[in-house]
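Counting from 1, position 13 in the sequence shown corresponds to residue 13 in this note's numbering; the numbering is continuous, with no gaps.
Just so it is clear, CB atoms sit at the ideal spot from N, CA and C, and this is done for glycine as well.
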Amino acid sequence: MSSAGRGISGITNSVLKGSGSFKKATFTTLNVEKLKGVLSYFSYLHANGEISDKAFENLVRYACSIYIENEVEEIVQETLERKLVKFLQTKLSLIDEDNSDIEQIVYALKAARLIRSR
């Protein structure tokens with residue numbers, strides 16, 4: 001395997017082993033901060049009389065539903081990726097292939113996920 005392949009391998013292994021909970025915590029923290037900011041802005045508009053009580057209530061519900069949707073989507077996505085990686089590792093190890101195939105797939109999944117999250 002080339003040195004670039006080993007570098008990717010190291011990154012992939014570290015992503016698989018330990019950073020999942022860190023990424024989740026970071027994502028959740030960012031998601032909570034966004035929610036706080038939006039709710040603060042809605043409160044400001046409501047306090048200044050720029051939006052009605054009904055509009056404020058509906059906006060808060062909508063913002064909270066988006067927050068919940070983002071959190072659930074993140075959990076489902078992480079679970080599916082973890083299961084797919086386990087499946088691929090099992091199937092490819094039965095074939096006795098080089099682990100670089102698995103690492104390339106995992107790397108591609110992480111890259112696609114990063115692109116989607118932006």
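> Given that a residue counts as buried once 16 or more other Cβ atoms are within 10 Å of its Cβ, and exposed if not, what is Phe-42?
Replying inline: Result: buried.
>> Using a 10 Å radius around the Cβ and a threshold of 16 neighbouring Cβ atoms, would you call Val-131 buried or exposed?
In response: This structure gives no information on residue 131, because the portion of the chain shown stretches from 1 to 118.
> Do Leu-88 and Ile-105 have their C-beta atoms within less than 8 Å of each other?
Replying inline: Yes, the pair counts as a contact, with Cβ atoms nearer than the cut-off.
> What did DSSP end up calling Ile-66 once you bin it into helix, strand or coil?
Replying inline: Reduced to three states, the DSSP call for Ile-66 is helix.
>> Please tell me whether Leu-39 and Val-60 are closer than 8 Å, where the distance is taken between their beta carbons.
In response: Yes.
>> Suppose you measure from the CA of Ser-52 to the CA of Arg-82; what does that come to, to the nearest Å?
In response: Pairing Ser-52 with Arg-82, the inter-Cα distance amounts to about 45 Å.
>> Tell me the DSSP secondary structure of Ser-43 in three-state form.
In response: In the structure shown, Ser-43 sits in a helix (DSSP, three-state: H, G or I).
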